[in-house]
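To keep things clear, I will list the structure first and then write my remarks on it.
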Amino acid sequence: ICLIEGLYLEGAGWDTTNHCLTEQSNKQLIQMMPLIKIIPSETYRTNMTNYLLAPAYVTSNRRNTMGTGLVFEANLYSKKD
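Under UniProt numbering, think of the first position of the sequence shown as 1, with each following residue one higher.
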């Protein structure tokens with residue numbers, strides 16, 4: 001288990017009460033995420049209904065000076081199907 005802070009959502013919002021993705025607020029493209037607990041799991045063993053696979057990049061440009069950028073992909077819960 002790992003705790004991460006300092007991540008941002010782009011093009012979506014985060015509901016801190018229900019701990020899930022929401023539609024973005026008007027005119028707010030980027031929103032800071034709360035402290036996130038990462039629990040590694042084997043995807044085929046988990047029920048991924050109502051989850052969105054979201055990429056996490058090194059920078060907001062989606063790559064660093066070396067041309068790489070994807071760090072990991074997170075399954076974020078959404079109440080919408």
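Positions of the beta carbon are idealized from the N, C-alpha and C atoms, including for glycine.
Everything numeric in this text was worked out from a predicted model, so none of it was measured.
Do you know offhand how far residue i's Cα is from residue j's?
i, j, result
"residue 52", "residue 27", "22 Å"
"residue 73", "residue 38", "11 Å"
"residue 7", "residue 33", "6 Å"
"residue 16", "residue 59", "24 Å"
"residue 80", "residue 10", "18 Å"
Would you call residue i buried or exposed, if buried means 16 or more other Cβ atoms sit within 10 Å of its Cβ?
i, result
"residue 3", "exposed"
"residue 70", "exposed"
"residue 29", "exposed"
"residue 35", "exposed"
Once the 5 residues before and after residue i are set aside, which same chain residues still bring their CB inside 6 Å of it?
i, result
"residue 62", "69"
How far does the beta strand (DSSP E) with residue i in it reach, from first residue to last?
i, result
"residue 37", "36–38"
"residue 75", "70–77"
"residue 28", "Careful: residue 28 lies outside any beta strand (DSSP E) and carries neither H nor E."
"residue 21", "20–22"
Note down, in chain order, each residue of its chain lying with its Cβ closer than 8 Å to the Cβ of residue i, except the 5 sequence neighbours on either side.
i, result
"residue 23", "12, 13"
Which residue or residues does DSSP assign as beta-bridge partners of residue i?
i, result
"residue 10", "30"
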